[in-house]
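Per numbering that gives the first Met the number 0, the sequence shown starts with residue 0, numbered consecutively.
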Amino acid sequence: MWFPLDNLGIAGNIWVTVDDIRKGSHRRALSPRELQVLGLAAAGGTLQEIADALHVSPKTVS
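Next comes the structure, spelled out in structure tokens:
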């Protein structure tokens, strides 16, 4: 599963996968906010849960 972090209002033009995070092969250190979002997404979090974590509208996340 791919996560376009820039589309979530998080810094950077970077795409990472859950496997990238587990392996540590992403290009830079991720912020606590990015890790929270990726954790929610990896755990099957809903768009509403991810939006709540980011304090944005679910439309921003989708």
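Glycine residues also receive a C-beta, built at the ideal position from the N, C-alpha and C atoms.
Look at alanine 42 here: in three-state DSSP terms it is coil, with no helix or strand label. When the beta-carbon positions are compared, leucine 37 and glutamate 48 stay at least 8 Å from each other.
Burial state of alanine 42 is exposed, judged by a 10 Å Cβ sphere holding fewer than 16 other Cβ atoms.
The Cβ atoms of alanine 50 and glutamine 35 do not sit closer than 8 Å to each other.
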